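K.L.:
After the structure tokens below, expect a handful of questions from me.
Residue numbers (the UniProt record's numbering), protein chains in the order written: chain A, 1 to 480; chain B, 1 to 480.
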């Protein structure tokens, strides 16, 4: 871990990779585009899983597991879907040395196999709604892989629901994007913009795709989670119907929604700095590290005092490490724990013990304080709460400061040529205007924010591209 | 769920499948040999995962994630290993419609890719021991698939460790088989025999394979978990070495160990009966069901009383469902909850409320008792503890009663022709004797139990097959 991290200013892309490899979050795998998630990275992912899984259960969702192997023909049953995923599918052709009769796709997502199965499970209105989720690995051919952000195999959860009414499916999809917002803002401390995708950016086969969009430190957008109102397309393609209260056969409506290990990338690129990883306390596998400063003559005294603090904090339910390794200087240890993102560091030596004090530093601001030994429990707990909200506020301020209302095409070009962040601008709804901006500036509509569209009375003004009457307020940005 | 379950006596195999499908634990997938794990089954697997994961963490093991896709050439680096797994490997040949340069194996197990990666992670004695685990899906071509027991894709955990000394790896492998014994006996309530596999039955590439073997209700053995001392084979094949305290390059020693969704099969075949699933309370997603018995006139009174009981039990940390569905008779509800294996059922009607009593039934024995309303908390908690230990004792008694000491070849033949269970018999150590019994009787050595071999002073007597001097005491049985 002795190499230096490239600064963000010098090379943001390289900085991102340096953080991941030097903080030992992930490693390149022998197959191009695949990654190994190392224990330090997986521990964070595991914390995300637990929190999110509890939220799903709160919403009445149950976990299950569907096979990875999908008959290739299933993908072809829904035409938008096959068009969207075919170029990305990995295919199994042999088993035990023999060629298979039909090639099998490694799931790029599981709508098709799940709706094939729902046909067996859904017969009567009593079987609805059906709310399920799976934690799984998925596979997509990826031309420009990037650790956590775009990998050939990645880990995610995919929720799939079946409903008796179109509005119920639509509302459930909206409900789940709100659950993602709650999770990403409150646990990852990443502010997001919630909205609906434009037609050209939605999920293959969806009626509507809702997304949460975050801003990274380089001002690019990152799509952190999506939820899809699938209407009756999958129910229709897989011939799923149910008998309603009147005994009539009715169509079944679907939603699906997912977040992935991509969130690890969002987490890193939102909070970390040139010294290494910065973690919100709720997700930090270690929240507090205690570094005792001792020499041979006072080792026992100092370690004893440090152990007492460690057990006091652990009893409060905090995740604490006492770093009593020998043969390393305190300065070396400080740098290591900063690199891996432990939110709070406590230092103590003999002098501190004699004066009944401790030194406490926060990873987010770097601020050091001398505090009274007896109040360590309260102070550290308060600090962790404060760091969690400070990280959110810093990210929120950055997003707000780098979001600008843009009124016409020239201003839009100028904004992005000057390295702009999010442009808030009107759009007529025509895909050609979107396409033009994408080609010109590599900028896309991230979403049409709910709070600027659905919750307001009509849109006034003109499209930022063509100048025609606007129909939507949109967030435009470069993106990951 | 209205179909009848085939009785065990009529057809044990069909009974097993009926339990799984009617209790909605799993379903057949469109690809032959694959399965869908339904919410009722997955909830049990999730409970197993949480318990086992805590045990791993107690042993200092950290979770991580390695890719599913392994270059085919990796499997060929360790010769025993490739021989063992080649006939079972599924191969990806295409990605995004294009043929790959090198075919990729879907991991049948991950030793090869993990030791390829360990080469980067292990340099100095400071990097050892390395103790990691992953929860993952694996793939093996399977000619005779069977839900949970043998499926083309299954879920498991695989632990992999690297050590500086051969004895340390050996001892860690032994430690983990003991962790599995603890887990399977204490949580699944399944008694097991812990021992070492014979040469011909061990894992491809292992020096020693340790196993836990359980007896199902049809007296066949089921291997419930294995742990392998891999010696220096994988370290050698992947050129992993470390610098020891003296600065010299030394070989690295390995262990690996795993349990899978096969445990679901063991759980079903150990405890369940002709009425459906029987679950040990520690693994039951619902531990207590309350069935209120009411008519229109007293509905409110009865439901109110039932709700109070439900919240009292939930406050004690129990997993409780109040079944207040309308339009079903109590008898129909009883049968449903028996089918899905809820350990304790509480019934109450207006008469019970008036007399301050309740009816409590246990799923394991079927015994019903009238108890005082005010002691419901204590009684139900005690009952759950009692059911957990009773299920273990029943299974232990069955195993003991169906294990017999066998002294010579004729007796061995007779024992298995008479539908015997486990034969405890001496063995000379020659694979030919093993082979002969396998061909003749479809009986194999399950393992050489530790308590009959390592913990005793020498083996006396003669081999049950050839009559030569015995070297080991072995458990012989038909198996899944």
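No residue lacks a Cβ here, since even glycine has one placed at the ideal position from N, Cα and C.
Predicted model, so just to flag it, every value in this text is computed and none were measured.
Exposed or buried, which one is residue 354 of chain B when buried takes at least 16 other CB atoms within 10 Å?
P.N.:
So residue 354 of chain B counts as exposed.
K.L.:
According to DSSP, is residue 225 of chain A part of a helix, a strand, or is it coil?
P.N.:
If DSSP states are grouped into helix, strand and coil, residue 225 of chain A belongs with the strands.
K.L.:
What runs of the alpha helix (DSSP H), each 4 residues or longer, lie entirely inside the stretch 324-412 of chain A?
P.N.:
Here the runs fully enclosed are 330-339, 350-355 and 376-401.
K.L.:
Please look up how many angstroms separate the CB atoms of residue 362 of chain A and residue 383 of chain A, rounded, as I've assumed it's under 8 angstroms.
P.N.:
That pair is a contact at about 6 angstroms.
K.L.:
Would you tell me roughly how many angstroms separate the C-alpha atoms of residue 461 of chain B and residue 227 of chain B, rounded to the nearest one?
P.N.:
About 29 angstroms.
K.L.:
When burial is assigned at 16 or more other CB atoms within 10 Å of the CB, is residue 128 of chain B buried or exposed?
P.N.:
Buried is the call here.
K.L.:
Is it buried or exposed, residue 388 of chain A, if we count other Cβ atoms within 10 angstroms and call 16 or more buried?
P.N.:
Classification of residue 388 of chain A: buried, given that the 10 Å Cβ count is 16 or more.
K.L.:
Quick check: residue 138 of chain A and residue 66 of chain B, are their CB atoms within less than 8 angstroms of each other?
P.N.:
In this structure, residue 66 of chain B does not lie closer than 8 angstroms to residue 138 of chain A by Cβ.
K.L.:
Could you tell me the distance, in whole angstroms, from the CA atom of residue 116 of chain B to the CA atom of residue 401 of chain A?
P.N.:
Whole-angstrom Cα-Cα distance: 46 angstroms.
K.L.:
Using the three-state DSSP reduction, which class does residue 5 of chain A fall into: helix, strand or coil?
P.N.:
Residue 5 of chain A falls in the coil class under three-state DSSP.
K.L.:
Contact defined as beta carbons within less than 8 angstroms: I believe residue 464 of chain B pairs with residue 409 of chain B. What is the distance between those atoms, to the nearest angstrom?
P.N.:
Going by Cβ atoms, the distance from residue 464 of chain B to residue 409 of chain B rounds to 6 angstroms, so yes, they are a contact pair.
K.L.:
Would you list the one or two residues that DSSP bridges to residue 28 of chain B?
P.N.:
According to DSSP, which records beta bridges pairwise, residue 28 of chain B is partnered with B:35.
K.L.:
Return the chain-ordered list of same chain residues with a C-beta closer than 6 angstroms to the C-beta of residue 1 of chain A, the five sequence neighbours on each side being excluded.
P.N.:
The predicted position of residue 1 of chain A is uncertain, since its pLDDT is 46 and thus under 50; no value can be drawn from it.
K.L.:
Would you mind telling me which residues of chain B sit closer than 8 angstroms to residue 63 of chain A, beta carbon to beta carbon, in chain order?
P.N.:
Here the neighbours are 39, 42, 43 and 46.
K.L.:
According to DSSP, residue 467 of chain A sits in a beta bridge with which residue or residues?
P.N.:
Answer by DSSP bridge pairing: none, since residue 467 of chain A is not bridged.
K.L.:
Measure the alpha-carbon distance for residue 92 of chain A versus residue 136 of chain B and round it to whole angstroms.
P.N.:
Whole-angstrom Cα-Cα distance: 19 angstroms.
K.L.:
Where does residue 205 of chain B land, buried or exposed, given buried means 16+ other C-beta within 10 angstroms?
P.N.:
Buried: at least 16 other Cβ atoms inside 10 Å.
K.L.:
By DSSP, does residue 259 of chain B sit in helix, in strand, or in coil?
P.N.:
Reduced to three states, the DSSP call for residue 259 of chain B is strand.
K.L.:
State the start and end residues of the unbroken beta strand (DSSP E) segment that holds residue 161 of chain A.
P.N.:
Segment 153-163, the beta strand (DSSP E) holding residue 161 of chain A.
K.L.:
In whole angstroms, give me the CA-to-CA distance for residue 341 of chain A and residue 267 of chain A.
P.N.:
Looking at the two C-alpha atoms, the distance is approximately 12 angstroms.
K.L.:
Counting along the chain, where does the alpha helix (DSSP H) carrying residue 439 of chain A start and finish?
P.N.:
It spans 431-441 - the alpha helix (DSSP H) in which residue 439 of chain A sits, taken as one unbroken run.
K.L.:
Just to confirm the assignment, what range does the beta strand (DSSP E) spanning residue 305 of chain B have?
P.N.:
From DSSP, residue 305 of chain B is part of no beta strand (DSSP E) but of the alpha helix (DSSP H) over 299-315.
K.L.:
Use the C-beta contact count for residue 225 of chain B: other C-beta atoms within 10 angstroms, 16 or more gives buried, fewer gives exposed.
P.N.:
Its Cβ being crowded by 16 or more others within 10 Å, residue 225 of chain B is buried.
K.L.:
For residue 207 of chain A, which option in A:159, A:86 and A:80 has the closest C-alpha, if you only look at C-alpha atoms?
P.N.:
Selected option, being the one with the closest Cα: A:80.
K.L.:
Pull out every residue of the stretch 11-34 of chain B whose Cβ sits closer than 7 angstroms to any Cβ of chain A, in chain order.
P.N.:
The stretch 11-34 of chain B vs chain A, Cβ under 7 angstroms: 27, 29, 30, 31 and 34.
K.L.:
Note down, in chain order, each residue of its chain lying with its Cβ closer than 6 angstroms to the Cβ of residue 270 of chain B, except the 5 sequence neighbours on either side.
P.N.:
Only 190 and 395 meet the Cβ criterion.
K.L.:
Around the C-beta of residue 197 of chain A, are 16 or more other C-beta atoms found within 10 angstroms, so that it is buried, or is it exposed?
P.N.:
Its Cβ being crowded by 16 or more others within 10 Å, residue 197 of chain A is buried.
K.L.:
Mark residue 45 of chain B as exposed unless 16 or more other C-beta atoms lie within 10 angstroms of its C-beta, in which case mark it buried.
P.N.:
It is buried - the Cβ of residue 45 of chain B has at least 16 other Cβ atoms within 10 Å.
K.L.:
Is it the case that the Cβ atoms of residue 241 of chain B and residue 255 of chain B are separated by a distance below 8 angstroms?
P.N.:
Their beta carbons are not under 8 angstroms apart, which means residue 241 of chain B does not touch residue 255 of chain B by this criterion.
K.L.:
Along chain A, in chain order, which residues have C-beta atoms closer than 7 angstroms to that of residue 365 of chain B?
P.N.:
Within 7 angstroms Cβ-Cβ: nothing; residue 365 of chain B doesn't reach chain A, min ~30 angstroms.
K.L.:
What does residue 89 of chain B reach in chain A if we use C-beta pairs closer than 9 angstroms?
P.N.:
Here the neighbours are 94, 95, 96 and 97.
K.L.:
How about the stretch 105-123 of chain A and the stretch 18-32 of chain A: do they share at least three Cβ pairs that are nearer than 8 angstroms?
P.N.:
With a cut-off of 8 angstroms, the stretch 18-32 of chain A and the stretch 105-123 of chain A do not count as touching, because too few Cβ pairs lie within range.
K.L.:
So is residue 470 of chain A buried or exposed if we call it buried at 16+ other beta carbons inside 10 Å?
P.N.:
Flag for residue 470 of chain A reads buried.
K.L.:
If distances are taken between C-alpha atoms only, which option among B:407, B:314, B:218 and B:102 comes closest to residue 14 of chain B?
P.N.:
Of the listed residues, the one whose Cα sits closest to residue 14 of chain B is B:218.
K.L.:
Return the chain-ordered list of same chain residues with a C-beta closer than 6 angstroms to the C-beta of residue 102 of chain A, the five sequence neighbours on each side being excluded.
P.N.:
Same-chain partners within the cutoff: 71.
K.L.:
Whole angstroms is fine: what's the gap from residue 467 of chain A's alpha carbon to residue 478 of chain A's?
P.N.:
Each residue's alpha carbon lies about 22 angstroms from the other.
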